[in-house]
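J.:
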Amino acid sequence: MGGYILRRLLAAIPVILGITVIVFLIMSLIPGDPATAILGSYATPENVEKLNRDLGLDKPLFQQYFIWLGNMVQGDFGRSFSLNRPVLDEVLERFGATLILAGTSLVLCSILGILAGVISAARQYGAADKAITFVVLIGISIPSFFLGMMMILVFAVNLRWLPVSGMYAIYGGGDLPDLIRHLIMPATALAVVATGVIARLSRSAMLEVLRQDFIRTARAKGVRESRVVWRHALKAAMVSIIPVIGVQAGFVLSGAVYIETVFQWPGVGRMLVTAILTRDILLVQGGVVIVAACYVLFNLAVDVAQSLLDPRVKT
1 MGGYILRRLL
11 AAIPVILGIT
21 VIVFLIMSLI
31 PGDPATAILG
41 SYATPENVEK
51 LNRDLGLDKP
61 LFQQYFIWLG
71 NMVQGDFGRS
81 FSLNRPVLDE
91 VLERFGATLI
101 LAGTSLVLCS
111 ILGILAGVIS
121 AARQYGAADK
131 AITFVVLIGI
141 SIPSFFLGMM
151 MILVFAVNLR
161 WLPVSGMYAI
171 YGGGDLPDLI
181 RHLIMPATAL
191 AVVATGVIAR
201 LSRSAMLEVL
211 RQDFIRTARA
221 KGVRESRVVW
231 RHALKAAMVS
241 IIPVIGVQAG
251 FVLSGAVYIE
261 TVFQWPGVGR
271 MLVTAILTRD
281 ILLVQGGVVI
291 VAACYVLFNL
301 AVDVAQSLLD
311 PRVKT
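Quick note on UniProt numbering: the sequence shown kicks off at 1 and runs consecutively.
Following this line, the structure appears as structure tokens:
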């Protein structure tokens, strides 16, 4: 297992390097001059030239990339222009909020998706299967940001059951119940599409397992149907379901960008949107690289979990 994990870590290095190249090139293609955006009303030609020289923006593009990459490898992600603080400190401070939102959404969509898929497969072509399929198709078809806005309109504005935005109440609160109340709507909106995808693929994986010989043998021996489905079939199907959950983790992380904007959640996604609008290049690059690295590490954990269920994966 140690050798397998080491191989996967080594394979992740070129992926992360590729991400740094893509992010750097995309940010360099954004129209406008970063120095002019930073200086604002003080953007005289002399000031712009001086700031470009101080930031190294007057150097060739490839040289700027390697300077940035070399500093990042040493743990220096640069300094945010708009916030006047280290990029790494700002991202890590915001990452906790994003982790709470994305982690809750991923757990929610995993549990609900697997439950829906198993029940749908066990009741194939029955009323439960048709109802779950109908609900899942609707969930997959609704954009998360639109669902979030509709939830705000219904549950926050009209019914006044839940807070409109933020992570905690402005006055008072700050405890776990307050966090949960603020988390319900954004986590649900973010989890809906991923729940539908996991449910559909869980159903397919379960149907394939339920047709195998060892399931027929278990039934012939008189094993209870609930035990056959939830103990034997689900365990075998998890080998195919776990990679799907890993893919949906990327969707949840990327979806956090607009969900955090809709609900004013103080996470990395909202920070990136603000940084793009202010052309805070180092903050955008550092935030994207850190989030991408976390996603790569999560996929490594998914691969390890899959290999524990099915040792053939390591070969």
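Don't be surprised by glycine CBs; every beta carbon is placed ideally from N, CA and C.
Quick check on this structure: which residue in Ala237, Leu115 and Ala189 has the alpha carbon closest to the alpha carbon of Ser141?
T.: Ala189
J.: Nearest by alpha-carbon distance to Ser82: which of Leu272, Val252 and Ala292 is it?
T.: For the set Leu272, Val252 and Ala292, the Cα lying nearest the Cα of Ser82 is the one of Leu272.
J.: Would you call Val192 buried or exposed, if buried means 16 or more other Cβ atoms sit within 10 Å of its Cβ?
T.: buried
J.: Within 10 angstroms of its Cβ, does Leu198 collect 16 or more other Cβ (buried), or is it exposed?
T.: Before going on, a small fix: residue 198 reads as Ile here, not Leu. It counts as buried.
J.: Locate the alpha helix (DSSP H) running through Thr217, then write down its first and last residues.
T.: Asp213 to Ala220
J.: Please state if the CB of Ala97 and the CB of Met167 are separated by a distance shorter than 7 Å.
T.: Cβ atoms of Met167 and Ala97: closer than 7 Å.
J.: For Arg79, name the three-state secondary structure that DSSP assigns.
T.: In the structure shown, Arg79 sits in a strand (DSSP, three-state: E or B).
J.: So, is Leu25 buried or exposed, given that buried needs 16 or more other C-beta atoms within 10 angstroms?
T.: exposed
J.: Taking 6 Å as the limit between beta carbons, can you name the residues of its chain near Ala218, skipping five residues before and five after?
T.: Val228 and His232
J.: From Pro34 to Phe145, what does the alpha carbon distance come to, in whole angstroms?
T.: 30 Å
J.: Go ahead and label Val257 buried or exposed: buried means 16 or more other beta carbons lie within 10 angstroms of its beta carbon, across all protein chains shown.
T.: buried
J.: If you reduce the DSSP assignment to three classes, tell me which class Pro186 lands in.
T.: helix
J.: Is the CB-CB distance between Ser240 and Ala293 below 7 Å?
T.: no
J.: Count the other C-beta atoms from every protein chain shown that fall within 10 angstroms of the C-beta of Met238, then say buried if there are 16 or more, exposed otherwise.
T.: buried
J.: Pull the bridge partners of Pro243 from the DSSP assignment, please.
T.: Pro243 pairs with nothing; no bridge assigned.
J.: Indicate whether Thr195 and Leu112 have their beta-carbon atoms separated by less than 7 Å.
T.: Yes; because the gap between Cβ atoms is below 7 Å, this pair is in contact.
J.: Look up Pro86 in the DSSP assignment and give the residues it is bridged to.
T.: Arg79
J.: Exposed or buried, what is Pro14 when buried is set at 16 or more other beta-carbons lying within 10 Å of its beta-carbon?
T.: exposed
J.: Curious, which full-length alpha helix (DSSP H) runs of at least 4 residues does the region 148 to 210 contain?
T.: Runs of the alpha helix (DSSP H) inside the region 148 to 210: 176 to 210.
J.: Measuring alpha carbon to alpha carbon, tell me which residue in Ser307, Gln285, Ile276 and Gln64 is nearest Pro31.
T.: Residue nearest to Pro31 within the set Ser307, Gln285, Ile276 and Gln64 is Ile276 (criterion: CA-CA distance).
J.: In or out: Trp230 buried (at least 16 other Cβ within 10 Å) or exposed?
T.: So Trp230 ends up on the exposed side.
J.: What does a CB cutoff of less than 7 Å around Val91 pick up in its chain, not counting 5 residues either side in sequence?
T.: Val268, Gly286, Gly287 and Ile290
J.: Tell me whether the region 246 to 262 and the region 146 to 166 touch, counting them as touching only if at least three CB pairs, one residue from each stretch, are closer than 8 Å.
T.: yes
J.: Going by the CB atoms, is the gap between Leu39 and residue 327 shorter than 7 Å?
T.: Here the chain has residues from 1 to 315 only, and residue 327 is not among them.
J.: When the Cα of Phe95 is compared with those of Glu49, Val304 and Pro266, which residue comes out closest?
T.: Pro266
J.: Can you check which of these residues, Thr278, Val244, Val73 and Leu282, is closest to Ala305 by C-alpha distance?
T.: When C-alpha distances from Ala305 are compared across Thr278, Val244, Val73 and Leu282, the shortest belongs to Val244.
J.: Would Ala220 be called buried (16 or more neighbouring beta carbons within 10 Å of its own) or exposed?
T.: Burial state of Ala220 is exposed, judged by a 10 Å Cβ sphere holding fewer than 16 other Cβ atoms.
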